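Participant: Residue numbers (my numbering): 33 to 395. Where a beta carbon is used, it is the ideal one built from N, C-alpha and C, also for glycine. Values in this document were obtained by computation on a predicted structure and should not be read as measured data. Dumping the structure here so I can ask a few things about it.
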Ligand SMILES: Cc1ncc(COP(=O)(O)O)c(C=O)c1O
């Protein structure tokens with residue numbers, strides 16, 4: 033439709049609308065000019081793994097040696113490496129829904145069985161320890177937690193994470209903690225890394241994070257996993273024998289991101305918060321939809337049950353009739369919802385919301 037010149041408003045984006053901060057680009061370009069163009073150690077250059085270990089200590093209270101860290105092609109690749117390193121064929125992995133859409137597919141690639149556990153809006157779209165325990169079978173090997181969450185915008189409180197991790201450790205179930213939206217948090221929310229909450233959780237938890245969302249570096253393909261010592265070698269071996277290292281000069285950009293000033297991250301998050309506030313205020317006056325005030329990320333999940341449309345029908349009609357693009361929740365394992373992204377400029381957001389209002393009125 034765009035190619036035909038139709039004015040589409042895109043509220044579907046899964047990446048920051050900002051450019052990568054200049055000092056990060058300069059570090060990568062400088063290293064390229066200096067000829068930093070060869071293979072690096074497959075898990076990443078030592079100074080970057082050290083910077084990641086320092087960050088995890090300072091921000092998250094986590095003690096990892098650089099040798100436990102594998103820098104990968106984004107948090108996505110880091111998750112896949114963990115699944116390939118830990119799952120035996122038929123192992124079950126519990127995934128709370130709505131989920132980030134690659135989790136079940138990655139579990140299948142690793143010969144595991146995704147077990148989808150629906151959550152409820154009244155629980156903040158978060159899995160409860162009871163739901164978790166109920167979904168467990170003798171084949172359960174892992175649970176995937178994602179806070180702040182895509183597509184929910186929800187953030188798990190410390191006590192919630194602790195309660196879930198207690199259920200996991202009782203049965204020796206691994207935890208994959210995807211913390212990629214850690215820095216995009218609003219109001220007084222605090223991010224907790226599950227591995228930091230109790231010494232007993234640490235050996236069972238893989239902490240995944242990266243540079244894509246916080247530093248607007250999605251195209252650079254830079255993420256990492258911090259693994260417990262017993263698993264770090266396997267994660268590293270999988271990467272070493274598949275992709276080898278992440279692009280050499282991109283790693284220098286990541287190093288600058290972690291060692292440089294962090295005000296760019298705060299400025300972007302403030303802007304997401306401003307847009308979130310706008311969206312929440314406007315959407316509150318619309319009928320037929322329900323939602324929770326996002327606590328983090330740049331997404332807002334609309335519950336559309338009252339419209340009696342499936343999420344695909346809702347998204348298709350909104351696109352056809354109002355030229356607004358959003359993502360149907362079926363992609364995230366929940367057909368009662370659709371996801372709006374506010375990783376877009378304020379003017380587009382305003383126009384998109386206006387059109388959405390008109391669409392809902394007509395339904
Ligand atoms: C929850 C979640 N995890 C991981 C990723 C992947 O991040 P990356 O671009 O670093 O691979 C995304 C990207 O949308 C995401 O939403």
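Could you give the first and the last residue of the continuous alpha helix (DSSP H) run that contains residue 134?
Facilitator: Segment 134-141, the alpha helix (DSSP H) holding residue 134.
Participant: Heavy atom of ligand 1 less than 7 Å from the Cβ of residue 328, yes or no?
Facilitator: Flag unset: Cβ of residue 328 not near ligand 1.
Participant: For ligand 1, which residues count as neighbours when the test is a C-beta closer than 6 Å to any heavy atom?
Facilitator: The filter returns 46, 106, 107, 108, 132, 178, 182, 210, 212, 242, 244, 250 and 255, in chain order.
Participant: Within 8 Å, do at least three Cβ pairs link the region 291-305 to the region 90-101?
Facilitator: No, the region 90-101 does not touch the region 291-305.
Participant: Using DSSP's beta-bridge definition, name the partner residues of residue 97.
Facilitator: DSSP output for residue 97 lists no bridge partner at all.
Participant: Within the same chain, show all residues whose beta-carbon is closer than 8 Å to that of residue 287, passing over the 5 residues directly before and after it, in chain order.
Facilitator: Counting only Cβ-Cβ distances below 8 Å, and skipping sequence neighbours, we find 59, 77, 79, 80 and 83.
Participant: Three-state secondary structure (DSSP) at residue 389?
Facilitator: Of the three classes helix, strand and coil, the one that applies to residue 389 here is helix, per DSSP.
Participant: According to DSSP, what are the bridge partners of residue 68?
Facilitator: None; residue 68 has no bridge partner.
Participant: Note down, one range per segment and in chain order, each beta strand (DSSP E) of at least 3 residues found wholly within the region 191-227.
Facilitator: Counting only runs of 3 or more, we get 206-210.
Participant: Once DSSP output is grouped into helix, strand and coil, what is the label at residue 45?
Facilitator: Of the three classes helix, strand and coil, the one that applies to residue 45 here is coil, per DSSP.
Participant: So, at 6 Å on beta carbons, what are the nonlocal neighbours of residue 400 in its own chain, with the 5 sequence-adjacent residues on each side left out?
Facilitator: Outside the displayed range of the chain (33 to 395) lies residue 400, so it cannot be described from this structure.
Participant: Check whether the region 346-364 and the region 311-330 are in contact - that is, three or more C-beta pairs closer than 8 Å.
Facilitator: No, they do not touch.
Participant: Report all residues from its chain with a CB closer than 7 Å to the CB of residue 184; omit the five preceding and five following residues, and keep chain order.
Facilitator: 130, 157 and 333, listed in sequence order.
Participant: Here's a check: name, in chain order, each residue in its chain whose Cβ is nearer than 6 Å to the Cβ of residue 303, leaving out the five neighbours to either side.
Facilitator: Result list for residue 303: empty, nothing under 6 Å.
Participant: With distances taken from CA atoms, which of 197, 206 and 330 is nearest residue 120?
Facilitator: Answer by Cα proximity: 206.
Participant: Taking Cβ to Cβ, would you say residue 111 is nearer than 8 Å to residue 208?
Facilitator: A contact, by the Cβ cut-off of 8 Å.
Participant: Measure the Cβ-Cβ separation of residue 148 and residue 127 and say whether it is below 8 Å.
Facilitator: Contact: yes.
Participant: Measure the C-alpha to C-alpha separation of residue 7 and residue 363 and round it to an integer number of angstroms.
Facilitator: Since the displayed the chain opens at 33 and closes at 395, residue 7 lies outside it and no answer follows.
Participant: Does DSSP classify residue 120 as helix, strand or coil?
Facilitator: Correct three-state label for residue 120: coil.
Participant: Less than 7 Å between C-beta atoms, sequence neighbours within five positions excluded: which residues of the same chain meet that for residue 71?
Facilitator: If we look at residue 71 and ignore the five residues flanking it on each side, its Cβ neighbours are 276 and 277.
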